[in-house]
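In structure tokens form, the structure reads like this:
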């Protein structure tokens, strides 16, 4: 029901980069406007603030700034919309949100699992060749 | 029955005659309530202060560069997505919902202050 509400419009088919950029901003605004709902559903008030979530969404969008093909941008927006719908209709759970979106940003102190280990161990966990 | 009358006599309150209304102009005014909401607009200083606070607390912004007439992209070095993010942060702070067409025009601190000050629902 929430999914159909959000995707009832014609699937995006941008003609130009400008139109795709407009759609990206629309998606960003939609996501930001549903942040209060998300914080309420998953009880994230103790973990993040609304402005942190906004920055997290912005950084996720920024990961794809190198894309220039409007059709690829449309596809990425479709996947983003699908993810947003899943989150808003409570199809995900709290640990999904925390693990995928809150933790691991720029190696913040939130990742306390490997804090005391040595550099050797950190490299070892990452790959075989270092 | 007599017990009841005795109890009631103890708890019955004495009757007080209220003073004439004309002699107390203060109470007269307190009964007069203005039901218009025209007096709870935000003052311009308050709007400016709150807008500057929102912009200063944006993580990518250097707080020392923020003045009431900075341009987000030219002076603060942000990009268009940051612009949209700042507008959304202002929407949250002032409990507004800014339509997309207007939001696209808000490019600088000046325009944001003017828009919010002129918005009837800014809270």
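Residue numbers (the UniProt record's numbering), protein chains in the order written: chain A, 1 to 130; chain B, 1 to 123. All C-beta atoms in this analysis are idealised placements derived from N, C-alpha and C, irrespective of residue type, glycine included.
Residue i: contacting residues in chain A (beta-carbon distance under 7 Å)
i, result
"residue 84 of chain B", "25, 28 and 29"
"residue 88 of chain B", "29, 32 and 54"
"residue 63 of chain B", "Those do not exist, as residue 63 of chain B stays about 15 Å from chain A at its closest Cβ, beyond 7 Å."
"residue 92 of chain B", "50"
Where residue i sits in the DSSP three-state scheme
i, result
"residue 90 of chain A", "coil"
"residue 14 of chain A", "coil"
"residue 71 of chain B", "strand"
"residue 24 of chain A", "helix"
"residue 12 of chain B", "coil"
"residue 7 of chain B", "helix"
"residue 47 of chain A", "coil"
"residue 67 of chain A", "coil"
"residue 148 of chain A", "Since the displayed chain A opens at 1 and closes at 130, residue 148 of chain A lies outside it and no answer follows."
"residue 37 of chain A", "helix"
"residue 59 of chain A", "helix"
Buried or exposed (CB count within 10 angstroms, at least 16 for buried), residue i
i, result
"residue 128 of chain A", "exposed"
"residue 58 of chain B", "buried"
"residue 44 of chain A", "buried"
"residue 120 of chain B", "exposed"
"residue 77 of chain A", "buried"
"residue 94 of chain A", "exposed"
"residue 112 of chain B", "buried"
"residue 24 of chain A", "buried"
"residue 59 of chain A", "exposed"
"residue 97 of chain B", "exposed"
"residue 101 of chain A", "buried"
Residue i versus residue j - alpha carbon distance
i, j, result
"residue 37 of chain A", "residue 14 of chain A", "29 Å"
"residue 10 of chain B", "residue 2 of chain B", "13 Å"
"residue 73 of chain B", "residue 63 of chain B", "15 Å"
"residue 29 of chain A", "residue 67 of chain A", "20 Å"
"residue 44 of chain B", "residue 117 of chain B", "7 Å"
"residue 130 of chain A", "residue 104 of chain A", "22 Å"
"residue 123 of chain A", "residue 94 of chain B", "47 Å"
"residue 104 of chain B", "residue 118 of chain A", "49 Å"
"residue 57 of chain A", "residue 31 of chain A", "8 Å"
"residue 123 of chain B", "residue 42 of chain B", "7 Å"
"residue 87 of chain B", "residue 69 of chain A", "27 Å"
"residue 54 of chain B", "residue 48 of chain B", "10 Å"
"residue 22 of chain A", "residue 46 of chain B", "32 Å"
"residue 81 of chain A", "residue 26 of chain A", "11 Å"
"residue 120 of chain A", "residue 99 of chain A", "25 Å"
"residue 115 of chain B", "residue 91 of chain A", "38 Å"
"residue 108 of chain B", "residue 63 of chain A", "25 Å"
"residue 99 of chain B", "residue 51 of chain A", "20 Å"
"residue 17 of chain A", "residue 50 of chain B", "35 Å"
Within chain B, partners of residue i - CB distance below 9 Å
i, result
"residue 58 of chain A", "81, 82, 84 and 85"
Chain A contact residues for residue i, given Cβ-Cβ distances below 9 Å
i, result
"residue 59 of chain B", "51, 52 and 55"
"residue 49 of chain B", "None at all; the shortest Cβ gap to chain A is about 18 Å."
"residue 107 of chain B", "What residue 107 of chain B touches in chain A: nothing, since even the nearest Cβ is about 13 Å away."
"residue 100 of chain B", "22, 25, 26 and 29"
Chain-ordered neighbours of residue i on chain B, where CB pairs are closer than 7 Å
i, result
"residue 61 of chain A", "81"
Alpha helix (DSSP H) segments (min. 4 residues) lying fully within the UniProt domain "Carrier" (45 to 120) of chain B: 80 to 94, 100 to 105 and 109 to 118
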